[in-house]
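**Q** This structure is in structure tokens; I'll ask about it shortly.
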Amino acid sequence: MKKFLIIALALVTTFACFAQGTKKPKVTFKTTLIGEKAVFKPGEDIQFKMEFKAPENYRMAAWVALAYTKNVPADFAKAINKKVTGKAPYQCVRFMNYQWLPNNGKKEYIGKFSTKDFPEGDYKMSITGLFREKPKGNVKTDVYQGADLIFSIEK
Amino acid sequence: MKRFLLSTAFFLFGAAVSAMPFLSGKSAVIDGDLSDPVWKSLPWKGDFFELGTGKKAPVQTRFKTFNDGKYIYFAVECDEPAMAKIRKNLYSRDSSLIWMNDSLEVNLVPDSTNVLSYYKVTIDTNGAFSDLFGQDDNTGRDKFLFNGGWDSSIRFKTKKYADKWTMEAAIPFGSMDYNTKHTDIWRVHVGRTRWAGGKVELSGSSPLPRKDHIMPKYFNKMKVTSFDAKKYLFDIEEFKGELIRKDGKQSYKISATVHNNSGSFKIFRLIGAMVDNKTGKTYQSSVVINLPGSSYKKFSVVVPDVPNGEYTMYFDLATNRREPALQKRAFQNVSVLYIPMQLSLKRPAYRNNIYATMKDKTIEAVIELREFSGIGVYVELKGTNFRQVRKIAKSTGYDIVKFDGSKLANGRYTLTASCVKDGKKLSTSLQIRVLPYQKGEVYLDARGVPFIDGKEFLSYGWYASHGEPDARYNTYLNTARFSSLKSAQESVRKAFNKNQMRSMVIPFQDLIPGWKWIIFKDPDTRKKGLTEAQKKKIREFVSVISKEEGLLGYYMADEPECRDNNPAWYEEARELIAEIDPYHPTFMLNWGIDGMRRYYKGCDILLPDCYPQYFEDGTTGKTRWRPSEYAKVATSLRPSWMMPQASCWPDLAADRKTRGVAPDYHDQRSQIFQALANNIKGINIYTFYDSQRFTEAIFGPPAIGDIFLAAKPYLLENSVPNGVQVKTTPAFNYFQTGLKLHNGKICLIAINTSMQKLKVDFKLKKAFTGTLYTEGCAQAITVKNGVFSDTFAPNETKIYFSDKAIAQKLTPVSKTLKTIADFKASRKRKGNLVGLGDMFSIEYQLYGAHQKKYKADTPIITSSSDSRFYMTGKTGSLYYLVDGLRAPNRPEYTWKPDGKDKNPFVQFQLRKKAPVKEVRLYTPCGNLQAGKVVINGKEYPYENKDKKTEIIIPVKDKAMTDTIRIYCTKFSYPGKDAVDVKNRLLSEVEIY
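Right under this line is the structure:
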């Protein structure tokens, strides 16, 4: 009986620790195009506001825009001369690198990317925000949260 | 040589691909003025060709075109030296008559390789237009069926000048459908129909080999630069609307599933619109939606504040750009009608009337509550000195109450359903008439079967004329415009008393001599509602003629869609007539499916005419199964009858060479039994006076009439839904069947509408085991559990009966065919120098009107005078004297001199001299009593004192001649009726 109780206690402790280790904080993330328009000319920069709510010990560290192939014109990858990666239905085109943000305690940032070589058409660009513990970040506790930007490119 | 030049012209101009440039960011202001900078930058495409000749059109037209990726733009300039003579009658949207004005048509064929469909917009100088979608009819003859199921969203304007008129238009790409096979090579044709020159001139941008705009395979090819079909690969499915009520307000939710097959992410502005069909007012709302590539999702948009009415509902997907452009559209007609409490009758089934001869007089009412079930409903039936109530304690939302109508006195009753919800009273009523007996009263049951004096009635009769009394024929469609009420009554009484035929008459009678309409002039007076003068005339006529026992009903219109009549005029007329005369139904005749859909509310019974058109090479103008399609549409709208074709029409096919023929016995059976298999409840045949010169029409309809008499109860039953499964070898999708059950017995109608032999495996829904017999017991087929097989010759119709007694009464098909063949052969007697026998319809025309060269054996017949009919107005009567009908049943096939002719004769000129030994004259009732035959100046007198119908005049010296003149010096007629064979002089002449 005693042996059984010790094993049970060890198991419960292990699970508790495990649970504590995978529990991520809740982060809400929102993106909004800046200005009234949602239709841009090819080559224009798309500027947008990123707002988030996260626990006090988290900051927004970086963001990246990602084009899932089902959410952009069919000829997007070819037009910007980039490869399509991943498997359906999540095939995507990585057309930019993460943009790192200063650790200044802000709750909103302005993001921007160029539509150079983007073909005409409609877009639902996925913006992924990387949220990191502060003061010292830990990849294991990073949180990724996404939001969409919907716009069109027209000559 | 002409054909070579045309083909060459087509090759040179048809093979070359012109270009429709893509001008990004450019557009034109659509105002008819072609001075926009964009037009100035583009060259004209001309000269137009005269259709059918390949020559330059004498009056020229030219056009320009470009696209901006969203719209296709056209600028057309029409030279017109006679601007004052431009035809510009007023036509409504989508009228089939717009081409009868000076007009243009723009034809677009995205499917440039297969050309199975295309789009056509026709525009006149008034601004009226029709936009039609044409589809190949799948018979391999390059024939297209058009329907109004395309809304082009065209923006256009015309403008007139001193010596020309112009048209400017923009058509969105998104209004048309595409698939992955469509490329940027289209076929484009701009056509012009010009009337201002006095006669019709057809010209176009493509050199079409016939005088006909409907030749899309010959339209010139054009590269629509920048067009990419992938941008438009969307489908809209499960498109529907729903009325929403909240807080006393009414909105309309339009929804559909959108399929994005373009492979690209799409943002749409979804525009839901409700356009009032009467006022044109638009109620609209929009939302922005998006859909990933290769996915589908249901979307909806709510249009607020939509009042009750008749609407065209739109679900438009447009781009959500600076200037939204249509990408895809779905539309349909809907009724928005909110009735919180709805009251309707299941019984009686027709007009809410109870007739004295009805066996079942139960009043069975349905009360539907839209929003609030569970509350109490009170149903009251009230009349003079009568009141009965039914209470529903808790409504289920769909409740039924009954009253015993047999206990009601004659009179009008109001049936009212009411309830109280949240302190508010809801109430709805309808009127019921309990009618005193009137002899000959007509009503329909829930199947659409007519009853006359309480007995089932299966109509079988003729249009516009009929023959001698024949028990097979019981109806007559009388198209007369009567000169007086008395003549109308006499006409109805004569048909009934003498021929036992009940008449359909036109209710719109001016009642003036001369077969005229002034008050009811068509189409001038039928564009709006009934005028007071018209209402008065209808009351005057209907209130009297309705008393005639021999009246069957009212013939409201003959193909009103051809004259752009307003359907609402007929709806109003129908209501008025039903009020004045509850005892006789109204009938409407349309030539096509679109017409039926537009006009069905103007009648109680639809009576479409589906004329398949038959030609000497075995081809038909419509598919041989088209009667089934007509019947299905008609019966979905109203109880229906059908008017099959028994005459020859047209005389020539579109190639102007292949000759038309009257339908043979198989063709007649196919038409009529396809109709009956598809629940048609009556037949009226077109047409006696024209068809009785063809042997097939003399014997075929009576044989079919025998089937009607023997099998009436079966034929009136509705076919068992999905009652028959068939598998044919070889495979053929249009084999038609109808399974009728009556008192547990079977009548199976089966029609091979192909021109190939088929083996057919049948499986009946009714698990019948026994024997089925065809007509005359020609076949006895063993059936086990509803399964059997049989073979069908091309175009063969079989009717099987499980009741052998009925099959035995009928004549086998083979026997009727032999009768027809024998009679045909007998019409051309051996040795008769002038006999032509059974002729093609076109031959009567050609010989009679002396339009063309005669055949080598055709006599040239002339006369001192010729008293003609409507049918023989152009052909004359003379060639009916040599067609082998010695005792015809119509006066049109006979000759009579006119009343002023003092010395009547008929003369026969042979192609070459021949010895003449005998002349035979056939005279109805022995009317011809004396005369002389003159050959080579010598006279051969004759007498007919015994009033025989055949007069034989020997020519003893066997005169060698090519000219025989026959004088008729003494004759009389038994009566004065001009439309009676008995009052004609000669029916046939034979010269041996």
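Chains as they are written, first to last, in our numbering: chain A, -1 to 153; chain B, 23 to 1014. No residue lacks a Cβ here, since even glycine has one placed at the ideal position from N, Cα and C.
Along chain A, in chain order, which residues have C-beta atoms closer than 8 Å to that of F287(B)?
**A** K68, N69, V70, P71, G119, D120, Y121, K122
**Q** List the whole-angstrom C-beta distance separating A579(B) from N587(B), where the pair is believed to meet the contact cut-off of C-beta under 8 Å.
**A** Indeed, because the Cβ distance is near 7 Å, the residues count as touching under 8 Å.
**Q** Determine the closest residue to S117(B) out of N129(B), F845(B), N148(B), with distance taken between C-alpha atoms.
**A** For the residues N129(B), F845(B), N148(B), the minimum Cα distance to S117(B) belongs to N148(B).
**Q** Closest Cβ-Cβ distance between I44(A) and chain B: below 8 Å?
**A** no
**Q** Please return the same chain residues whose Cβ sits closer than 8 Å to the Cβ of Y435(B), not counting the five positions on each side in sequence.
**A** L403, K404, G405, F408, Q453, I454, R455, V456
**Q** For E152(A), decide whether its Cβ has a neighbour in chain B, counting only Cβ atoms nearer than 8 Å.
**A** yes
**Q** Between G127(A), E118(A), T126(A), which has its C-alpha nearest F38(A)'s C-alpha?
**A** E118(A)
**Q** Counting only C-beta atoms, is V82(A) closer than 8 Å to chain B at any point?
**A** No, because no Cβ of chain B sits closer than 8 Å to the Cβ of V82(A).
**Q** Taking buried to mean at least 16 other C-beta atoms within 10 Å of its own C-beta, is D639(B) buried or exposed?
**A** exposed
**Q** Quick one: residues in its chain with C-beta nearer than 6 Å to the C-beta of F353(B), no 5 flanking neighbours on either side, listed in chain order?
**A** D173, T334, Y336
**Q** Please report whether the beta-carbon of N201(B) lies at a distance below 8 Å from any beta-carbon of chain A.
**A** no
**Q** Return the residue from the list G135(A), N95(A), I78(A), E106(A) that minimises the CA-CA distance to F27(A).
**A** Ranking the options by Cα distance to F27(A), first place goes to E106(A).
**Q** Strictly by DSSP, which residues pair up with Y372(B)?
**A** DSSP, once it has assigned bridges, lists no residue as partnering Y372(B).
**Q** Could you check whether the stretch 816 to 831 of chain B touches the stretch 687 to 695 of chain B, counting it as contact only if at least three pairs of C-beta atoms, one from each stretch, sit closer than 8 Å?
**A** yes
**Q** Alpha carbon to alpha carbon, what distance is there between A431(B) and R410(B)?
**A** It is Gln, not Arg, that sits at residue 410(B) in the sequence shown. In a straight line, the C-alpha of Q410(B) is about 13 Å away from that of A431(B).
**Q** Counting C-beta neighbours from all protein chains within 10 Å, is the total for W537(B) 16 or more, i.e. buried, or is it exposed?
**A** That one is exposed.
**Q** Can you pull out the residues from the stretch 35 to 61 of chain A whose beta carbon lies closer than 8 Å to at least one beta carbon of chain B?
**A** The residues in question are A36, V37.
**Q** What residues from the stretch 325 to 356 of chain B come within 8 Å of chain A, judged by C-beta to C-beta, listed N to C?
**A** T341, N342, R343, R344
**Q** Under the three-state reduction of DSSP, which class applies to K35(A): helix, strand or coil?
**A** DSSP places K35(A) in coil when its eight states are reduced to three.
**Q** Could you tell me which residues DSSP pairs with R409(B) in its beta bridges?
**A** K404(B)
**Q** Looking only at its own chain, which residues have a Cβ that is under 6 Å from the Cβ of G643(B), when we skip the five neighbours before and after it?
**A** Q635
**Q** Tell me the residue span of the beta strand (DSSP E) that contains A97(B).
**A** 93 to 101
**Q** Going by Cα to Cα distance, which pick from L339(B), Q830(B), T202(B) is closest to A295(B)?
**A** Proximity to A295(B) across L339(B), Q830(B), T202(B) peaks at L339(B), based on C-alpha coordinates.
**Q** Judging by CA-CA distance, which residue of V137(A), D120(A), I148(A) is the nearest neighbour of L128(A)?
**A** Closest option to L128(A), Cα to Cα, is V137(A).
**Q** Going by C-alpha distance, which of D968(B), Y944(B), A981(B), L737(B) is nearest Y962(B)?
**A** A981(B)
**Q** Answer yes or no: does any C-beta atom of chain B fall closer than 8 Å to that of I125(A)?
**A** The beta-carbon of I125(A) is placed no less than 8 Å from the nearest beta-carbon of chain B.
**Q** Got a sec: is the Cβ-Cβ distance from I148(A) to anything in chain B below 8 Å?
**A** Yes, I148(A) counts as interfacial toward chain B.
**Q** Do you know whose CA, among P326(B), W591(B), V399(B), lies nearest Y621(B)'s CA?
**A** Across the set P326(B), W591(B), V399(B), the C-alpha of W591(B) shows the shortest separation from the C-alpha of Y621(B).
**Q** When DSSP labels each residue in this structure, what does E223(B) get in the three-state scheme?
**A** Correct three-state label for E223(B): strand.
**Q** Closer than 8 Å, CB to CB, is S308(B) near chain A or not?
**A** For S308(B), the nearest beta carbon of chain A is not closer than 8 Å to its own beta carbon.
**Q** Can M123(A) and L99(A) be called in contact, C-beta distance under 8 Å?
**A** no
**Q** For N89(B), decide whether its Cβ has a neighbour in chain A, counting only Cβ atoms nearer than 8 Å.
**A** So no, N89(B) is outside the interface.
**Q** Which class does G859(B) belong to by DSSP, given the choice of helix, strand or coil?
**A** Reduced to three states, the DSSP call for G859(B) is coil.
**Q** Between the C-alpha atoms of V471(B) and P735(B), what's the straight-line distance to the nearest angstrom?
**A** 10 Å
**Q** Which residue wins for smallest C-alpha separation from R373(B), given the options L598(B), I974(B), K447(B)?
**A** L598(B)
**Q** By the 10 Å Cβ neighbour count, where 16 or more other Cβ atoms means buried, how is M42(B) classified, buried or exposed?
**A** buried
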